[in-house]
Amino acid sequence: MTTANVELPPQSIETESPSSTMKALVYHGPGKRAWEDKPLPIIQEPGDAIVRITTSTICGTDLHILKGDLPEVVDGRILGHEGIG
Amino acid sequence: MIEQVGTSVTEFRPGDKVIISCVTACLKCDFCRQGKYSHCRRGGWILGYTLDGTQAECARIPHADGSLYRLPPGRDEEAFVMLSDILPTGFECGVLNGGVKPGDTVAIVGSGPVGLAVLLTVQFYSPAAIFMIDIDDNRLATAKAFGATALINSVDGNAAQQIMQLTKGAGVDVAIEAVGLPATFGICQAIIAVGGRLANVGVHGKSVELHMEKLWDRNISLTTRLVDTSTTPMLLKTVESGKLQPGKLVTHRFALNDIMKAYDTFGNAAKEGALKVVLKSGKLI
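Line by line, the protein sequences give chains A and B.
Under the numbering used here, residues 7 to 91 are what the first sequence spells out, in order.
Under the numbering used here, residues 169 to 453 are what the second sequence spells out, in order.
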C-alpha cells in the first residue's frame, strides 16, 4: 500500500492542536483570574520535569496575590504552588 | 505523574507519582548547601509566583531532583498534598523557629490551614498548653478537635487580655503568628512571656508596629522565615505512618475544571466553612 502515507485521516491533524494546550488558572492583575488555555509546558532546562497534576489546592498566599499584596506576580502567571502529579 | 524529564534528572522518571514542593531547590548554590532552600539562587519560592505554577493540567518543575518527593504508592493524595506547603511551613516557620519545648505554653494566632498545621506539628513537642486564637468559631472548633487546649475568639479585640488571664499574667513562651495582619502580629507582641519567642509565619502586605518600648527588656526573640521545606522528608514519614493526618484539613473538593468556583468558596472561607479546598483532575465521583 504505497498510498497509505498520503491518506492520513484529517483527525490526526486535529488531535495535535488540543495536545499542545492545557487549561490553567491565570492571574490577570489584582482581583482578576481566569481558567483559560495556555501552552503545555515543555522541558526548558536539563533539570526540569513535566508533571501532569492530579491533585492541587489553593493557598491563602494565592488570595494575597489576588489582592495585589505581592506585586512581583505578573499578569499572565499561572498560580499555585502545591500539588501532586 | 511525571510525563517527561530533562537529561540531567537522575532521581525521577516518567510514570513516577510525585509530591511537588512549593520551594524549588537546585541543591548546589550557597543557600541550598546551608539548607536554606527557600533562598535558592536558582529557585526558592518561584512556583505560582515568578514562574508558572501548579493550578493547571501540567506544570514544569525546574531542578526536579531537589524539588519533588516520591508519593508512597497507593496513598491518599489529599493528605500528602499538604506536604507541598502547609505542613513544612507550619512546622519550620512556627514550631522550629518558635523553639517549642516540652511544657511550653504556646499561642497560635490564626486557625486557618497554616495555623492548624502549626497546631498538628507543635504536638511533636508536648507543649503544656496550646491557645488557639481566631475570629471564626468553626475554625476554632476544628482546632479543638486537633488538640488545642483553649480557644479564644478575638472578634471583640480582647484576645491578648484573655491570654494574659489564662496564663496568670505571665504570657506565653511561644507566640506564633499565622495570619499576616498588623492586628494579629500585635496580639503576639502583647502576650509574649519574658524570654519568649515570637515566630512569624503569616505573609504580610503592610507594615506593623513593633512595640520596643514594651519589649526592649523582655529577653524575647522574633523570627521570620520563608519555608525551606528542609523538613519535608521527616514530615512525609509522619504522614505515611498516620501519626499526622492532614487530610482532615480538607473541607471542599472540586474538579480542577471548576477551580473558579473553588476560588469563590475559598475566598469566602468563613461563610463556606472552608479550610483546605482540594482540586482533582478529571471528574469528581
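Don't be surprised by glycine CBs; every beta carbon is placed ideally from N, CA and C.
Quick caveat: nothing in here was measured; it's all calculated off a predicted structure.
Roughly how many angstroms separate the alpha carbons of residue i and residue j, rounded to a whole number?
{"i": "Val-186 of chain B", "j": "Ala-423 of chain B", "result": "20 Å"}
{"i": "Glu-22 of chain A", "j": "Pro-45 of chain A", "result": "Its pLDDT being 43, under 50, Glu-22 of chain A is placed unreliably by the model, and nothing is read from it."}
{"i": "Leu-85 of chain A", "j": "Gln-330 of chain B", "result": "39 Å"}
{"i": "Gly-364 of chain B", "j": "Thr-310 of chain B", "result": "26 Å"}
{"i": "Arg-83 of chain A", "j": "Arg-201 of chain B", "result": "29 Å"}
{"i": "Gly-174 of chain B", "j": "Ile-49 of chain A", "result": "6 Å"}
{"i": "Thr-222 of chain B", "j": "Leu-236 of chain B", "result": "13 Å"}
{"i": "Val-177 of chain B", "j": "Gly-203 of chain B", "result": "20 Å"}
{"i": "Val-57 of chain A", "j": "Asp-184 of chain B", "result": "9 Å"}
{"i": "Val-323 of chain B", "j": "Glu-171 of chain B", "result": "48 Å"}
{"i": "Asp-432 of chain B", "j": "Asp-220 of chain B", "result": "21 Å"}
{"i": "Glu-42 of chain A", "j": "His-379 of chain B", "result": "47 Å"}
{"i": "Gly-373 of chain B", "j": "Val-395 of chain B", "result": "17 Å"}
So, residue i versus residue j, is the Cβ gap smaller than 8 Å?
{"i": "Lys-224 of chain B", "j": "Lys-29 of chain A", "result": "Before going further, note that residue 224 of chain B is Ala rather than Lys in the sequence given. Closer than 8 Å, so yes."}
{"i": "Ala-227 of chain B", "j": "Pro-47 of chain A", "result": "yes"}
{"i": "Ala-285 of chain B", "j": "Gly-415 of chain B", "result": "no"}
{"i": "Leu-195 of chain B", "j": "Gly-234 of chain B", "result": "yes"}
{"i": "Gly-89 of chain A", "j": "Val-446 of chain B", "result": "no"}
{"i": "Val-263 of chain B", "j": "Val-282 of chain B", "result": "no"}
{"i": "Leu-334 of chain B", "j": "Ala-358 of chain B", "result": "no"}
{"i": "Ile-64 of chain A", "j": "Phe-199 of chain B", "result": "no"}
{"i": "Thr-391 of chain B", "j": "Cys-190 of chain B", "result": "no"}
{"i": "Arg-386 of chain B", "j": "Val-347 of chain B", "result": "no"}
{"i": "Leu-215 of chain B", "j": "His-87 of chain A", "result": "yes"}
For residue i, which residues of its own chain have a beta-carbon under 8 Å away from its beta-carbon, when the five flanking residues on both sides are left out?
{"i": "Cys-197 of chain B", "result": "Cys-208, Arg-209, Arg-210"}
{"i": "Asp-244 of chain B", "result": "Gly-415"}
{"i": "Ser-375 of chain B", "result": "Pro-350"}
{"i": "Phe-180 of chain B", "result": "Ile-170, Val-173, Val-186, Ala-232, Asp-233, Leu-236, Arg-238"}
Tell me which same chain residues have a C-beta within less than 7 Å of the C-beta of residue i, skipping the five on either side of it?
{"i": "Arg-39 of chain A", "result": "Leu-31, Val-32, Tyr-33, Leu-72"}
Identify, in the order they occur along the chain, each residue of the same chain with its Cβ nearer than 6 Å to the Cβ of residue i, setting aside the five sequence neighbours on each side.
{"i": "Ile-355 of chain B", "result": "Val-277, Ala-327, Ala-328"}
{"i": "Pro-230 of chain B", "result": "Thr-192"}
**Prompt:** With a cut-off of 8 Å, do at least 3 Cβ pairs link the segment 394-411 of chain B to the segment 300-308 of chain B?
**Reply:** Not touching, per the Cβ criterion.
**Asked** Just checking, does the segment 303-316 of chain B make contact with the segment 362-380 of chain B on the three C-beta pairs under 8 Å criterion?
**Response** Counting Cβ pairs under 8 Å, fewer than three are found: no touch.
**Request:** Mind listing, in chain order, the continuous alpha helix (DSSP H) runs of no fewer than 4 residues lying wholly within the segment 316-390 of chain B?
**Result:** Complete alpha helix (DSSP H) runs here, min 4: 327-334, 350-359, 380-383.
**Request:** Tell me the start and end of each unbroken alpha helix (DSSP H) in the segment 235-264 of chain B that is at least 4 residues and wholly inside, in chain order.
**Result:** Complete alpha helix (DSSP H) runs here, min 4: 245-248, 254-257.
**Request:** Indicate whether the contact test is met: 3 or more Cβ pairs, each with one atom in the segment 264-281 of chain B and one in the segment 338-346 of chain B, closer than 8 Å.
**Result:** The segment 264-281 of chain B, when compared against the segment 338-346 of chain B, does touch it at the 8 Å Cβ threshold.
**Message:** List, from N- to C-terminal side, the beta strand (DSSP E) runs of 3 residues or more that fit wholly inside the segment 387-445 of chain B.
**Reply:** Within the segment 387-445 of chain B, the runs of beta strand (DSSP E) that reach at least 3 residues and sit entirely inside it are, in chain order, 389-391, 418-423.
**Request:** Only counting runs of 4 or more residues, tell me where the alpha helix (DSSP H) segments fall wholly within the segment 178-227 of chain B, in order along the chain.
**Result:** List check, alpha helix (DSSP H) in window: 198-201.
**Message:** In chain order, what are the residue ranges of uninterrupted beta strand (DSSP E) at least 3 long that sit wholly in the segment 29-83 of chain A?
**Reply:** Those beta strand (DSSP E) runs which fall completely within the segment 29-83 of chain A and span 3+ residues are 39-45, 55-58, 61-63.
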